[in-house]
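The sequence shown lines up with residues 13 to 195 when you count with the working numbering.
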Amino acid sequence: MPEPVQPQHSIALIGFMGCGKSTVGRQLHHLLGYPLVDTDHLIEEQAGCRIAAIFGEHGEERFREIETGVLRQLAASPATRRIIATGGGIVVRPENRALLRQLGCVVWLRADIETILARTSRNRDRPLLDTDDPRSRIEALLAERMPLYSSTCHLEIESTGLSSNEIACGILESARYFFTSQP
Ligand code: S3P
13 MPEPVQPQHS IALIGFMGCG KSTVGRQLHH LLGYPLVDTD HLIEEQAGCR
63 IAAIFGEHGE ERFREIETGV LRQLAASPAT RRIIATGGGI VVRPENRALL
113 RQLGCVVWLR ADIETILART SRNRDRPLLD TDDPRSRIEA LLAERMPLYS
163 STCHLEIEST GLSSNEIACG ILESARYFFT SQP
């Protein structure tokens with residue numbers, strides 16, 4: 013019989029590109045002292061190259077395989093208190109959605125489309141938005157992913173207009189309640 017899986021007590025941040033997962037993750041790390049891990053960084057470490065190169069040379073499917081592998085490793089690891097910032101498409105695979113909830117409290121950071129556009133246009137590190145019409149691409153991906161973020165998260169936070177400290181403090185309060193009400 014396999015060992016029953018113990019739910020962890022990490023805080024996992026999900027949400028679309030440009031919603032502030034990495035910035036809020038750093039702030040939570042600063043406030044709580046839990047180690048901060050970023051699934052995109054782990055993917056780059058394991059692949060030995062940048063995300064754009066994985067997409068360009070091997071395609072999105074290969075990127076998603078590595079992403080699921082990284083999530084499996086985190087879920088299997090004995091360290092149970094971490095801040096985990098994730099890539100915006102991590103919710104696309106059903107297996108990932110189950111793994112995320114196993115990690116602990118899943119927080120969906122939301123932002124409006126203007127904020128997403130402004131933030132993501134500042135760098136060209138996001139292969140999925142490397143198109144002539146990023147607004148249409150964002151709208152299409154958001155329509156596909158909103159229900160997935162919604163069904164995966166325990167908490168939902170609208171980040172537009174709030175500082176990363178305000179968002180992190182809000183998350184801390186709700187996460188505390190979440191963890192104390194867990195079995
Ligand atoms: C992706 C989001 C990116 C990165 C990759 C794919 C997506 O992460 O994982 O480019 O599918 O939305 P960020 O959300 O941190 O930009």
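For every residue, glycine included, the Cβ atom is placed at its ideal position computed from N, Cα and C.
These numbers were taken from a predicted model, which means no experiment stands behind them.
| Asked | Found |
| --- | --- |
| Count the other CB atoms within 10 Å of the CB of Y189; is the residue buried (16 or more) or exposed (fewer)? | exposed |
| DSSP on D142, reduced to helix/strand/coil? | coil |
| Kindly list the residues whose CB is nearer than 8 Å to the CB of I179, restricted to its own chain and excluding five residues on each side of it in sequence; keep chain order. | G32, V36, Q39, L121, I169 and S171 |
| Between which two residues does the alpha helix (DSSP H) containing S175 stretch? | Where S175 is concerned, there is no enclosing alpha helix (DSSP H), given that its DSSP letter is neither H nor E. |
| May I have the straight-line CA-CA distance separating S176 from V119, to the nearest angstrom? | 14 Å |
| For a minimum of 4 consecutive residues, which ranges assigned as the alpha helix (DSSP H) are wholly contained in the region 83-152? | 106-115 and 125-132 |
| Mind checking V116: buried by the 16 CB within 10 Å criterion, or exposed? | One point to set straight first is that residue 116 is Gly, not Val, in the sequence displayed. When all chains shown are included, G116 counts as buried. |
| From P90 to A123, what does the alpha carbon distance come to, in whole angstroms? | 33 Å |
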